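> Residue numbers (my numbering): 131 to 402.
For every residue, glycine included, the Cβ atom is placed at its ideal position computed from N, Cα and C.
These numbers were taken from a predicted model, which means no experiment stands behind them.
Here it is, the structure in full.
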Amino acid sequence: MKKEDWIWLGVLGAMAVFIWHRDLAWLGMADEVLPIVAALPLFAWLGAPWRLRDDRFALHTGSLAVAGVSFVSGLALNLTLLLAVTWTASLWSWIRGRVCTEGDALVRLRRLLPLPLLAFPWITLDGGPVGWWFRLSAAWAVQHMFAGIGLAVTREGTHLIVESQPVSVDASCAGLKVLQCMLIAGTMLAFIQLGRRRQYWWTLPVLPLLAWTANTVRVTTLTVAALSFGPEFAQGWFHAWGGWLVLVLMFVFCWVCFSIYDWVKGPASISA
Numbered sequence: 131m132k133k134e135d136w137i138w139l140g141v142l143g144a145m146a147v148f149i150w151h152r153d154l155a156w157l158g159m160a161d162e163v164l165p166i167v168a169a170l171p172l173f174a175w176l177g178a179p180w181r182l183r184d185d186r187f188a189l190h191t192g193s194l195a196v197a198g199v200s201f202v203s204g205l206a207l208n209l210t211l212l213l214a215v216t217w218t219a220s221l222w223s224w225i226r227g228r229v230c231t232e233g234d235a236l237v238r239l240r241r242l243l244p245l246p247l248l249a250f251p252w253i254t255l256d257g258g259p260v261g262w263w264f265r266l267s268a269a270w271a272v273q274h275m276f277a278g279i280g281l282a283v284t285r286e287g288t289h290l291i292v293e294s295q296p297v298s299v300d301a302s303c304a305g306l307k308v309l310q311c312m313l314i315a316g317t318m319l320a321f322i323q324l325g326r327r328r329q330y331w332w333t334l335p336v337l338p339l340l341a342w343t344a345n346t347v348r349v350t351t352l353t354v355a356a357l358s359f360g361p362e363f364a365q366g367w368f369h370a371w372g373g374w375l376v377l378v379l380m381f382v383f384c385w386v387c388f389s390i391y392d393w394v395k396g397p398a399s400i401s402a
C-alpha cells in the first residue's frame, strides 16, 4: 500500500468516528446497536483477497461526487442514512481507483457494499416511522392470527386484548433495535449463497420482509407465552431473549429461502 492509501483510510476512519459521534442517542441501547460495527470486518473478510494496483494513487471521481452531495444533504436534513451513503461512496471511490480489476474482484466488492452502509446506526436514529409500522403491522397480524383460531381479540392501534389478556406491542417489540443486525446477517448469507448470481441484488429487498416476518413471529410467541404462563413470564427473561430469537429466525429464514433458490437454479459462475 502507498502512503496515500493509508492517508485515505485514515480519512475514512475519522469520518466514521464523526458519523457515530454526531448523534449519541444510540448510547441508551449501545449493547444492541454497537454489534452492527461487525459489518465492516465482514466486508473485509468476504471481499478478500485484497490486491491493490501498483500504479499511481487515484480515486474514482464519480463516487466522490456522490459522497459530496450526500454529505451536504445529510447534514442539512439531519439524516444519518445519507452520511452512511457518504462514507460508503468514499470507500467505493478508493476501491474503484486502487483495487485490481482482474477477475471478479470489483463485482464481488460492489455486491458487498450494503455491509458498510449498514455499519452506521441510521435505522436506530432515523427509523422511528419504520419502528411504528413494524409494531402496528405486527399487532394487526397477531390480531387476525388469534381471531382465526377462534380466540376473542380486540385491537386498538398497537394494543391488543386476547382472551381478556392485555398485550401491548410497545417500542421494545418493534424489532428496530435488532433490525440492522438482521439485515447484516441476511446480506452476509445472501452473498455467501447467491453472490455469484446476478439475481443476488433481488434478494436484498426481500430481507426487510423476512425481518418483519421474524419479528411478527416473536410478538406472536410472546403473546402465546403471556396467555399460557402469565404476563410476568412473558415480560421477564423470556422477553429479554426475544431479540436474539428474532436474529436466529432471520438466519433460518434466509438460509432456507436462499438455499432453495440456489438449488433450483443450479451451479453458477459470477456475473456482473
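(1) Leaving aside the five residues before and after V215 along the sequence, list all residues of the same chain whose C-beta is less than 6 angstroms from its C-beta, in chain order.
(2) Cβ of W252 within 8 angstroms of Cβ of L221?
(3) When burial is assigned at 16 or more other CB atoms within 10 Å of the CB, is I166 buried or exposed?
(4) Exposed or buried, what is C230 when buried is set at 16 or more other beta-carbons lying within 10 Å of its beta-carbon?
(5) Taking only the alpha-carbon atoms, compute the straight-line gap between Y330 and L340 and give it to the nearest angstrom.
(6) Tell me, which residues are paired with S123 by DSSP?
(7) Three Cβ pairs or more, each shorter than 8 angstroms: is that satisfied between the segment 232–248 and the segment 270–277?
(8) Please look up how many angstroms separate the CB atoms of T217 and I149, rounded, as I've assumed it's under 8 angstroms.
(9) How many angstroms separate the CA atom of Q310 from the CA atom of G261?
(10) Straight-line CA distance for S193 to T254?
(11) Please report the straight-line C-alpha distance between G257 and I390, rounded to a whole angstrom.
(12) Going by other Cβ atoms of all chains shown within 10 Å of its Cβ, with 16 needed for buried, is N345 buried or exposed?
(13) To the nearest angstrom, how far is it from the Cα of A249 to the Cα of V237?
(14) Where does the unbroken alpha helix (DSSP H) through H151 begin, and where does it stop?
(15) Using a 10 Å radius around the Cβ and a threshold of 16 neighbouring Cβ atoms, would you call R348 buried or exposed?
(16) Which first and last residues belong to the alpha helix (DSSP H) in which R226 is found?
(17) How big is the Cα-Cα spacing for V163 and V308?
(18) In angstroms, rounded to a whole number, what distance separates the CA positions of A178 and A235?
(19) Which residues does DSSP list as the beta-bridge partners of T343?
(20) Helix, strand or coil for L164? Go by DSSP, reduced to three states.
(21) I need the straight-line Cα distance from A268 to V299, nearest angstrom please.
(22) Where do the ends of the alpha helix (DSSP H) carrying P335 lie?
(23) Would you kindly work out how many angstroms separate the C-alpha atoms of P335 and T317, rounded to a whole number?
(24) Report the CB separation of V196 from A219 in whole angstroms; it is logged as a contact under 8 angstroms.
(25) Would F388 and L324 qualify as a contact pair, given that the criterion is a beta-carbon distance under 8 angstroms?
(26) Quick one, which of W342, R183, D185, F187 has its alpha-carbon nearest F383's?
(27) Could you give the distance in angstroms between the alpha-carbon of W180 and the alpha-carbon of L319?
Concretely, from the data shown:
(1) Here residue 215 is taken as the residue at index 85 of the sequence shown, counted from 1. The answer, listed in chain order, is S200.
(2) For this step, residue 252 is matched to residue 122 along the sequence shown. For this step, residue 221 is matched to residue 91 along the sequence shown. Remark: C-beta atoms of W252 and L221 do not approach each other more closely than 8 angstroms.
(3) Position 36 of the sequence shown, counted from the first residue, corresponds to residue 166. Sixteen is the threshold: when 16 or more other Cβ atoms of the shown chains lie within 10 Å of the Cβ of I166, as they do, the residue is buried.
(4) For this step, residue 230 is matched to residue 100 along the sequence shown. It counts as exposed.
(5) For the purposes of this step, residue 330 is taken as residue 200 along the sequence shown, with counting starting at 1. For the purposes of this step, residue 340 is taken as residue 210 along the sequence shown, with counting starting at 1. Straight-line Cα distance between these residues: approximately 15 angstroms.
(6) Absent from the model: residue 123. The displayed extent of the chain is 131 to 402, so no value can be given.
(7) Look at the beta carbons and you see the segment 232–248 not touching the segment 270–277: under three pairs across the two are nearer than 8 angstroms.
(8) If you number the sequence shown from 1, residue 217 lands on position 87. If you number the sequence shown from 1, residue 149 lands on position 19. It should be pointed out that residue 217 corresponds to Trp in this sequence rather than to Thr. Contact between W217 and I149 holds: their C-beta atoms lie close to 6 angstroms from each other, under 8 angstroms.
(9) By 1-based counting over the sequence shown, the position of residue 310 is 180. By 1-based counting over the sequence shown, the position of residue 261 is 131. Our two residues, Q310 and G261, have alpha carbons roughly 12 angstroms apart in a direct line.
(10) Sequence index remark: in the sequence shown, residue 193 carries index 63 (1-based). Sequence index remark: in the sequence shown, residue 254 carries index 124 (1-based). Rounded to whole angstroms, S193 to T254 spans 26 angstroms at the Cα level.
(11) Counted from its first residue, the sequence shown places residue 257 at position 127. Counted from its first residue, the sequence shown places residue 390 at position 260. If I take the Cα positions, the gap works out to 31 angstroms.
(12) Counting from one through the sequence shown, the residue named residue 345 turns up at place 215. Around the beta carbon of N345, 16 or more other beta carbons lie within 10 angstroms, which makes this residue buried.
(13) For the purposes of this step, residue 249 is identified with residue 119 of the sequence shown, where counting begins at 1. For the purposes of this step, residue 237 is identified with residue 107 of the sequence shown, where counting begins at 1. Annotation: A249 to V237 spans about 20 angstroms, alpha carbon to alpha carbon.
(14) Counting from one through the sequence shown, the residue named residue 151 turns up at place 21. Secondary structure note for H151: its alpha helix (DSSP H) is the uninterrupted segment 133–152.
(15) Taking the first residue of the sequence shown as position 1, residue 348 is located at position 218. With 16 or more other Cβ atoms within 10 Å, it is buried.
(16) Within the sequence shown, residue 226 is the residue found at index 96, counting from 1. 210–228 is the extent of the alpha helix (DSSP H) around R226.
(17) As a first step, residue 163 must be located in the sequence shown, where it is residue number 33. As a first step, residue 308 must be located in the sequence shown, where it is residue number 178. Taking the straight line from one Cα to the other gives about 8 angstroms.
(18) Walking along the sequence shown from the start, residue 178 turns up at place 48. Walking along the sequence shown from the start, residue 235 turns up at place 105. A235 has its alpha-carbon roughly 9 angstroms from the corresponding atom of A178.
(19) Numbered from 1 along the sequence shown, position 213 holds the residue referred to as residue 343. Its beta-bridge partners do not exist; DSSP assigns none.
(20) The count along the sequence shown starts at 1 and reaches residue 164 at position 34. Looking at L164 - three-state DSSP - the assignment turns out to be helix.
(21) Indexing the sequence shown from 1 puts residue 268 at position 138. Indexing the sequence shown from 1 puts residue 299 at position 169. Going by C-alpha positions, A268 is about 8 angstroms away from V299.
(22) Residue numbering aside, residue 335 sits at position 205 when the sequence shown is read from its first letter. No alpha helix (DSSP H) holds P335; DSSP gives it neither H nor E.
(23) Translated into the one-based positions of the sequence shown, residue 335 becomes position 205. Translated into the one-based positions of the sequence shown, residue 317 becomes position 187. Near 10 angstroms, if we compare the C-alpha coordinates of T317 and P335.
(24) Counting from one through the sequence shown, the residue named residue 196 turns up at place 66. Counting from one through the sequence shown, the residue named residue 219 turns up at place 89. Rounded to whole angstroms, the Cβ separation of V196 and A219 is 4 angstroms, and the two are in contact under 8 angstroms.
(25) Residue 388 sits at position 258 when you count from the first residue of the sequence shown. Residue 324 sits at position 194 when you count from the first residue of the sequence shown. Against a cut-off of 8 angstroms, the Cβ pair of L324 and F388 comes out as a contact.
(26) Position 253 of the sequence shown, counted from the first residue, corresponds to residue 383. Nearest of W342, R183, D185, F187 to F383, Cα basis: W342.
(27) Position 50 of the sequence shown, counting from 1, holds the residue named residue 180. Position 189 of the sequence shown, counting from 1, holds the residue named residue 319. One Cα belongs to W180, the other to L319, and the distance between them is close to 21 angstroms.
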